[in-house]
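Going by the UniProt record's numbering, 254 is the number at position 254 of the sequence shown; the sequence numbering is gapless.
First up is the structure itself, then whatever we jot down about it.
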Amino acid sequence: MQQVQAVVAKAKGAPVELVTINVPDPGPGEAVVQVQACGVCHTDLHYREGGINDDFPFLLGHEASGIVEAVGPDVTSVKPGDFVILNWRAVCGDCRACNRGEPQYCFNTHNATQKMTLEDGTELSPALGIGAFAEKTLVAAGQCTKVDPAARPAAVGLLGCGVMAGIGAAINTGQVGRGRSIAVIGCGGVGVAAIAGAALAGASPIIAVDISAKKLETATKLGATHTVDSSKVDPVEEIKRICAETYPGAEGADVVVEAVGRPETWKQAFYARDLAGTVVLVGVPTPDMTIPEIPLIDVFGRGGALKSSWYGDCLPSRDFPMLVDLYLQGRLDLDAFVTEEIGIDDIEAAFDKMHGGDVLRSVVIL
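This is how it looks when you write it as structure tokens:
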């Protein structure tokens, strides 16, 4: 066991604290990773606010990259010295999804068996089974995805959650590509990642929808061909107009990604898609939200698909190395998602910046 500095949320709504924690030596199927960089994600704030569950204290942080320091006796997938991105989808290999060849939908993903603790022995709940606002963390070896060590840790670590969720929502879940149009409602970190993914796949037009001029500007830099300020115009009608210019007769976009997680914007997405189009919900709603009333005949009459995208339907072992390679080739600008690099004691300030919409990601450098 070793002791390291880490950021913990001890009580609902209370400021996070930098404390000393105990990290066990890795047992069977486990690895200890020296964290190099970790993004500050909205999910971490949800944990602090009690929006996920009440299993305090939480060891926050999950969008991370680092170096494997040690592995358990039976681990062969990674070794000490490997540069890895941490993921929260360590597939089991033997559930219904895995056995039918769809491990990206694994029903039995797992985390480290042992628990990290406070100095007094209180067990910590690591965010998404990772807990990477720490100098070192204990994870399941399957949560470590080896990638090219030439990559910048602060940039590629973001594939561990938000950026992968957005890219995957467009490419994996929405299956955009050449000859297909896409609209993305909500241009925060996940939304602009969906736009970057759509651009990578060759979709056109790529329509960014938001009420923030600054976010729409960022969306344009990452591949949006059109922007819609939904505080000024009806976004549904504007999406339809833009798509009809490119594809005469189109009644909306082939794919609409909802990256806000609200009933109002989901309803906009529903009506902004073309006949036989696809809605992809990747924004995270709160438990009290319900699907807005939509006539069932409209659901039937428009055809297509209404999907949810969980982690961008990604398979880390397949998707992370590919996307890192595209980053190193200059074809995917992951650096654009890093608004600022901060210290481990600056996380509360980063949470405050989220509310203002001034950052895509603050990234903790360890």
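In this text, a Cβ means the ideal position worked out from N, Cα and C, and glycines have one as well.
{"Item": "Option nearest F133 by Cα separation, candidates L18, A140, N99, G301", "Value": "L18"}
{"Item": "Beta-carbon proximity of P285 to K267, cut-off 8 Å", "Value": "no"}
{"Item": "Nonlocal neighbours in the same chain, by C-beta distance under 7 Å from C98, ignoring five residues either side", "Value": "V91, C92, C106"}
{"Item": "G160 to P321 span [Cα, whole Å]", "Value": "12 Å"}
{"Item": "Simplified DSSP state of H46, which is helix, strand or coil", "Value": "helix"}
{"Item": "For F56 and P26, the rounded distance between their alpha carbons", "Value": "23 Å"}
{"Item": "Residue range of the beta strand (DSSP E) that includes G39", "Value": "30 to 39"}
{"Item": "Of the listed residues V8, V40, V16, nearest to K353 (C-alpha basis)", "Value": "V40"}
{"Item": "P24 to G66 span [Cα, whole Å]", "Value": "18 Å"}
{"Item": "Complete beta strand (DSSP E) runs within the UniProt domain \"Alcohol dehydrogenase-like N-terminal\" (27 to 148) (minimum length 3 residues, chain order)", "Value": "30 to 39, 63 to 71, 83 to 86, 136 to 140, 144 to 146"}
{"Item": "Alpha-carbon to alpha-carbon, Q5 and M116", "Value": "12 Å"}
{"Item": "Alpha carbon of I347 to alpha carbon of D313, nearest angstrom", "Value": "29 Å"}
{"Item": "Straight-line gap, R152 to K221 (C-alpha atoms, nearest Å)", "Value": "20 Å"}
{"Item": "Under 8 Å between C-beta atoms of V32 and K146", "Value": "no"}
{"Item": "Complete runs of the beta strand (DSSP E) confined to the region 274 to 311 [at least 3 residues]", "Value": "305 to 308"}
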